[in-house]
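Novice: For the sequence shown, the working numbering begins at 932 and goes up steadily by one.
Ideal Cβ placement from N, Cα and C applies to all residues, glycine included.
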Amino acid sequence: MLSGDFNAGMHQLPLRWDWTHRWKDTVENFKVDLSGIVELLSTAIYSTPSVYLRELIQNAVDAVTARQQQEPGWVSAGIRITPAGVQGPTMTIRDDGVGLTVEEINEFLATVGSSTKRDALGMRSAGMIGRFGIGLLSALMVSQQIIVHTRSVKGGPPIEWIGRGDGTWSITELTTDLPFGTTVILEPHADNDHLVSTESVNRLARHYARYLPVPIHIATGGADVTITEPPAFASTDPMVLEAHGTEVLGTTPFDVVPINVPLTGTRGVAYILPYPVPPQAHAAHTIYCSSMLVSQHCRVIAPDWAFFARIEIDSTGLNPTASREDLIDDEVASITRDAISQTLRDWITTMATNDPMRLQAFVAIHYLGLKSLAIHDETIAPVIVGLLPMETSRGMRSIQEILEHSSHIAYVPTTDQFRQINALTHRTIVNATYTWDSQLLQRLPELMPGTTVQEISVNDVLEALDPVSGPDSVRADDLANRANQVLAEWDARSSVRLASNPDMPSFLLTDPDMLRRSERRKAQGSGRWSDILGALEQTETHGTPTAVTLLNWANPLVRQISEISDQVVFARSIRLLHLQAILVSGRPLTSEESRGLTDTLTDLMILGITEQR
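Written out as structure tokens, the structure is:
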């Protein structure tokens, strides 16, 4: 970046001189640091030298537009670009616009320093001439010198102006008659000559200027090629819009939403993505200002929650930055962004009314980010909240499907607790581990009146389990004692309880963090689980890692194992139930446990084979 003194010097330098007495065939030095300007353009303003062509085309379009304003009814023949190598080593760009007078050339030179300073600070240049000088000098990023032949519609002789990379320039009155307009001739640097080749000029002109209202013709040595065309995103034909959306996205869009913001002169489309994207991913929107490409990665123009859309717009009111490679986030951008936000909201709410099945398909694709939208947006939340899916103990279910069975929703905040509770109970439990789920569930009573939501823990479920009582209590106690002897080598204990889920023979009770240890100490006072919780507390106090395997007396297999008298078979069976409980909890087996699983299965299989013999 330039220092403050250098900027101030550029702003104050007197570049104007007496043109009436000395202007013909005169060579002068730029009265600014030209190399500093070019360095500023290439490093601090423009991201790549290839923007030179966009700047020269923009100057030409401005000139044509100015002539159209001065001469109503006049029709331009367009802008003609001749790449280097087609008619010699130089590149030319010719327009039939207003042209420049001597005074106007002097004016753009006089404002080069100050307009560069303003643009470096992110301010838009005032007027065509104020920007013209910077746009023209951008060509020095690819050319050794710039030659300008121009004739103004205001009168006066044709003029040749030459600006050189060594810091000198000259201006000459031409005796040759020239048509109205301006021709810019570039002599490319050896290291950047590829940027003025036929291939590069075609590619860059189409990239930046394909939608300009002024025809752009590129010379080829034969017939000129016209690269401009009407913007597809401004079409009213649904088939054209869908075809263009397919070209942009690489696949058919889910939908095409027209955008029209008359207040800022903005129009275009939002292509709805047919595939999910991470909500945190920043959407890349394409912006044209007065039909010239500004950015294909703009984040200013749409709200963060519109991650599911790719927007393509043209605007006469939005203000580009100094580099013309992004938008200034000013009041105009804010108005446009708000209008686009409302357009997308209207599209969602209209779909909910007119095509609920399509809305369901949309939510199924983009539910991750839509959960965030449902938390913060008052308009969209009531429309989509019932369709948002949650992981439950019965599989993936929409909130609407969960509430069909009960108006009360119980959820756990961690996957570890979810796995344990899922094994312990037949209740429908929501796993709210994922981003936004807890916040969304907490907002449900507001969005869906009559709904109640409760966060539960493992302790809540444990308190609902019953110890074995009656005639079976002695057998259950004996089973627990024998199982404790087997599990001691793995620093684990067992306890026998009656769970509401008879399908699962064993469950693993773990408590890996301080919060759940605190909950356990509170629950210990109830006495109901004091044996298990006390054992865990005592073991943890001594720093030994531990777990409790709950043997489910409601499961027939557990009751059968309690009757096994063969200690070898009994030990292998208990080990297997312990390892099965670990796997159900979602915790991977340690290497020792994996070996134990292999040994246990091998022993049981051998015992079975031996008994058959």
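1. At what residue ranges does the region 1312-1350 contain a whole run of the beta strand (DSSP E), taking only runs of 3 or more?
2. Exposed or buried, VAL1499, counting other C-beta atoms within 10 Å across all chains shown (16 or more means buried)?
3. Determine the direct distance from the alpha carbon of HIS1509 to that of PRO1313, and round the result to whole angstroms.
4. Excluding the 5 residues preceding and the 5 following THR1533 in the sequence, name in chain order all residues of the same chain whose CB lies nearer than 8 angstroms to its CB.
5. Would you call the CB atoms of THR1364 and THR1345 closer than 8 angstroms?
6. By Cβ distance below 7 angstroms, which residues in the same chain neighbour MET1059 in space, the five residues on each side in sequence not counted?
7. Near VAL1294, which residues of its chain fall below 7 angstroms by C-beta distance, leaving aside the five closest residues on each side in sequence?
8. Alpha carbon to alpha carbon, what distance is there between SER1369 and ILE1271?
9. When the Cα atoms are used, what is the spatial distance from VAL1006 to LEU1135?
10. Does DSSP classify THR1157 as helix, strand or coil?
11. The ligand MN and GLN1331: does any heavy atom of the ligand fall closer than 7 angstroms to the residue's C-beta?
12. Locate the alpha helix (DSSP H) running through TRP1367, then write down its first and last residues.
13. Let's test the definition: count the other Cβ atoms within 10 Å of the Cβ of HIS1080 and tell me whether it reaches 16, buried, or not, exposed.
14. What does a CB cutoff of less than 7 angstroms around ARG1506 pick up in its chain, not counting 5 residues either side in sequence?
15. Entirely within the region 1187-1248 and at least 3 residues each: give me those beta strand (DSSP E) ranges in chain order.
16. Could you tell me the distance, in whole angstroms, from the CA atom of ALA1237 to the CA atom of THR1356?
17. Do the region 1214-1232 and the region 1250-1259 meet, that is, are 3 or more Cβ pairs less than 8 angstroms apart?
18. Relative to the C-alpha of SER1425, which residue among PRO1433, ALA1174, GLY1112, ASP1409 is closest?
19. In terms of alpha-carbon separation, which member of SER1303, ILE1190, TRP1421, THR1013 lies closest to GLN1211?
20. Would you give the residue range spanned by the alpha helix (DSSP H) that MET1282 belongs to?
21. Closest by CA to SER1388, which one among ASP1397, THR1252, GLN1373, ASN1353?
22. Restricting to runs no shorter than 4 residues, where is the alpha helix (DSSP H) found entirely within the region 1052-1127?
23. Spell out a yes or no on whether the region 1027-1039 and the region 1160-1175 are touching, meaning 3 or more CB-CB pairs, one atom from each, closer than 8 angstroms.
24. At which residue ranges does the region 1379-1423 contain complete alpha helix (DSSP H) runs of 4 or more residues, listed in the order of the chain?
25. Considering Cα atoms alone, identify which of ARG1358, GLU1420, ILE1296 is closest to THR1323.
26. Tell me which residues share the same chain as LEU1299 and place their Cβ nearer than 6 angstroms to its Cβ, disregarding the 5 neighbours each side in the sequence.
27. Take THR1157 as the anchor and find which of PRO1110, GLY1009, THR1032, HIS1297 has the nearest alpha-carbon.
28. Suppose you measure from the CA of PRO1110 to the CA of PRO1169; what does that come to, to the nearest Å?
29. Please report the straight-line C-alpha distance between GLU1524 and ASN1285, rounded to a whole angstrom.
30. Pull up the distance between the alpha-carbon of ASP1308 and that of ASN1390, whole angstroms please.
31. Pull up the distance between the alpha-carbon of PRO1234 and that of ARG1241, whole angstroms please.
32. From the DSSP output, read off the bridge partner residues of SER1525.
33. Buried or exposed for ASP1444, going by 16 or more other Cβ atoms inside 10 Å?
34. Once the 5 residues before and after ALA1502 are set aside, which same chain residues still bring their CB inside 8 angstroms of it?
35. To the nearest angstrom, report how far apart GLN1273 and THR1480 are at their CA atoms.
36. Would you identify the three-state DSSP class for ILE1259, choosing helix, strand or coil?
Specialist: According to the data block:
1. Entirely contained in the region 1312-1350, the beta strand (DSSP E) runs reaching 3 residues are, in chain order, 1320-1323, 1326-1329, 1339-1343.
2. Numbered from its first residue, the sequence shown carries residue 1499 at position 568. Under a 10 Å Cβ-count criterion, VAL1499 is classified as exposed, with fewer than 16 other Cβ atoms of the shown protein chains found around its own Cβ.
3. The sequence position of residue 1313 within the sequence shown is 382, counting from 1. The sequence position of residue 1509 within the sequence shown is 578, counting from 1. When rounded, the distance between both Cα atoms is 46 angstroms.
4. For this step, residue 1533 is matched to residue 602 along the sequence shown. Hits under 8 angstroms: none found.
5. Reading the sequence shown from its first residue, position 433 is the one you call residue 1364. Reading the sequence shown from its first residue, position 414 is the one you call residue 1345. THR1364 is a Cβ neighbour of THR1345, given a cutoff of 8 angstroms.
6. As a working note, residue 1059 is residue 128 in the sequence shown. At MET1059, the pLDDT of 40 sits below 50, so the modelled position is not reliable; the number obtained from the coordinates is stated separately. So the list reads ASP993, ALA997, once near-sequence residues are dropped.
7. Within the sequence shown, numbered from 1, the residue matching residue 1294 stands at position 363. Result list for VAL1294: LEU1301, ILE1315, LEU1318, LEU1319, in chain order.
8. For this step, residue 1271 is matched to residue 340 along the sequence shown. For this step, residue 1369 is matched to residue 438 along the sequence shown. Our two residues, ILE1271 and SER1369, have alpha carbons roughly 29 angstroms apart in a direct line.
9. Walking along the sequence shown from the start, residue 1006 turns up at place 75. Walking along the sequence shown from the start, residue 1135 turns up at place 204. Using only the alpha carbons, I get a separation of about 25 angstroms.
10. For this step, residue 1157 is matched to residue 226 along the sequence shown. In the three-state DSSP reduction, THR1157 falls in the strand class (E or B).
11. Absent from the structure shown: the ligand MN. Ligands present: none.
12. By one-based count along the sequence shown, residue 1367 stands at place 436. TRP1367 -> no alpha helix (DSSP H), and no H or E assigned at all.
13. Here residue 1080 refers to the residue found at position 149 of the sequence shown. Per the 10 Å Cβ criterion, buried.
14. Here residue 1506 corresponds to residue number 575 of the sequence shown, with the count starting at 1. When the five nearest sequence neighbours on each side are left out, the beta carbons in the same chain lying within less than 7 angstroms of the beta carbon of ARG1506 are those of VAL1417, GLY1527, THR1531, in order along the chain.
15. Listed in chain order, the beta strand (DSSP E) elements of length 3 or more contained wholly in the region 1187-1248 are 1197-1203, 1216-1220, 1223-1229, 1240-1246.
16. The count along the sequence shown starts at 1 and reaches residue 1237 at position 306. The count along the sequence shown starts at 1 and reaches residue 1356 at position 425. If I take the Cα positions, the gap works out to 39 angstroms.
17. Yes, they touch.
18. In the sequence shown, the residue the question calls residue 1425 occupies position 494. Nearest Cα to SER1425 within the set PRO1433, ALA1174, GLY1112, ASP1409: ASP1409.
19. Locating residue 1211 in the sequence shown gives position 280, counting from the first residue. Of SER1303, ILE1190, TRP1421, THR1013, the residue nearest in Cα terms is SER1303.
20. For the purposes of this step, residue 1282 is taken as the residue at position 351 of the sequence shown. That run of the alpha helix (DSSP H) goes 1262-1285.
21. As a working mapping, residue 1388 is identified with position 457 in the sequence shown. With distances taken between Cα atoms, SER1388 lies closest to ASN1353.
22. Secondary structure remark: continuous alpha helix (DSSP H) runs of at least 4 residues inside the region 1052-1127, in chain order: 1058-1068.
23. No contact exists between the region 1027-1039 and the region 1160-1175.
24. Under the rule that a run must span 4 or more residues, the alpha helix (DSSP H) segments found entirely inside the region 1379-1423 read 1389-1395, 1404-1418.
25. Walking along the sequence shown from the start, residue 1323 turns up at place 392. Of the candidates ARG1358, GLU1420, ILE1296, the one whose C-alpha sits nearest the C-alpha of THR1323 is ARG1358.
26. Translated into the one-based positions of the sequence shown, residue 1299 becomes position 368. Around LEU1299: PRO1210.
27. In the sequence shown, counting from the first residue as 1, residue 1157 sits at position 226. With distances taken between CA atoms, THR1157 lies nearest to GLY1009 out of PRO1110, GLY1009, THR1032, HIS1297.
28. Within the sequence shown, residue 1110 is the residue found at index 179, counting from 1. Within the sequence shown, residue 1169 is the residue found at index 238, counting from 1. If I take the Cα positions, the gap works out to 43 angstroms.
29. As a first step, residue 1524 must be located in the sequence shown, where it is residue number 593. As a first step, residue 1285 must be located in the sequence shown, where it is residue number 354. Cα to Cα, GLU1524 sits roughly 57 angstroms from ASN1285.
30. Working through the sequence shown from its first residue, we reach residue 1308 at position 377. Working through the sequence shown from its first residue, we reach residue 1390 at position 459. If you take the alpha carbons of ASP1308 and ASN1390, they lie about 35 angstroms apart.
31. Residue 1234 sits at position 303 when you count from the first residue of the sequence shown. Residue 1241 sits at position 310 when you count from the first residue of the sequence shown. The alpha-carbon of PRO1234 is positioned some 12 angstroms away from that of ARG1241.
32. Walking along the sequence shown from the start, residue 1525 turns up at place 594. DSSP, once it has assigned bridges, lists no residue as partnering SER1525.
33. Start at 1 with the first residue of the sequence shown, and residue 1444 comes out as number 513. Since pLDDT at ASP1444 reaches only 39, below the 50 mark, its modelled position is unreliable, and the value read off the structure follows with that caveat. ASP1444 should be labelled exposed.
34. Numbered from its first residue, the sequence shown carries residue 1502 at position 571. Counting only Cβ-Cβ distances below 8 angstroms, and skipping sequence neighbours, we find VAL1417.
35. For the purposes of this step, residue 1273 is taken as residue 342 along the sequence shown, with counting starting at 1. For the purposes of this step, residue 1480 is taken as residue 549 along the sequence shown, with counting starting at 1. Taking the straight line from one Cα to the other gives about 55 angstroms.
36. For the purposes of this step, residue 1259 is taken as the residue at position 328 of the sequence shown. In this structure, ILE1259 counts as coil in the three-state DSSP scheme.
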